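Okay, structure first, notes after.
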Amino acid sequence: MKEKNRVRNVQLHFMVSPEERKQIEENMKLLSTENLGAYLRKMALDGYLIHLDLSEVREMIRLLRNATNNLNQIAKVANATGNIYGGEIKTMQERYELLWRSARKILSELSKI
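Structure below.
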């Protein structure tokens, strides 16, 4: 059949690793299809497009670093003086609560995908 008579006359070419090829074949088996072209075309046209906004994850990591730094400073003081101040503990509790809220929000958003 001549190229001009084909409905699909534009060829796409891309490379995959052996592991990626194996995963594609496993996914095809799950769908009981053997036609690679049809499978790839269907996935490219109708597959899920997922864009993750990771700004909340980055913010949570920043908060975690701050909380960890504060905990290290409290541990240093406690080891040097043998005392821990209630205000420091309260601050740490508030920061960890903020971290937990961030984590719950992120997990909630991810569960919607």
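Just add 1407 to the spot in the sequence shown (first one is 1) and you have this note's numbering.
Virtual Cβ for every residue (Gly too), placed ideally from N, Cα, C.
Note that the coordinates shown come from a computational prediction; the quantities given were computed from them, not determined experimentally.
Residue 1467 sits buried, since 16 or more C-beta atoms from the chains shown fall within 10 Å of its C-beta. For residue 1514, the enclosing alpha helix (DSSP H) has its first and last residue at 1493-1518. In the DSSP assignment, residue 1422 falls outside any alpha helix (DSSP H), carrying neither H nor E. Between the C-alpha atoms of residue 1508 and residue 1454 there is a straight-line separation of about 32 Å. Taking C-beta atoms as the reference points, residue 1506 and residue 1470 count as a pair closer than 9 Å.
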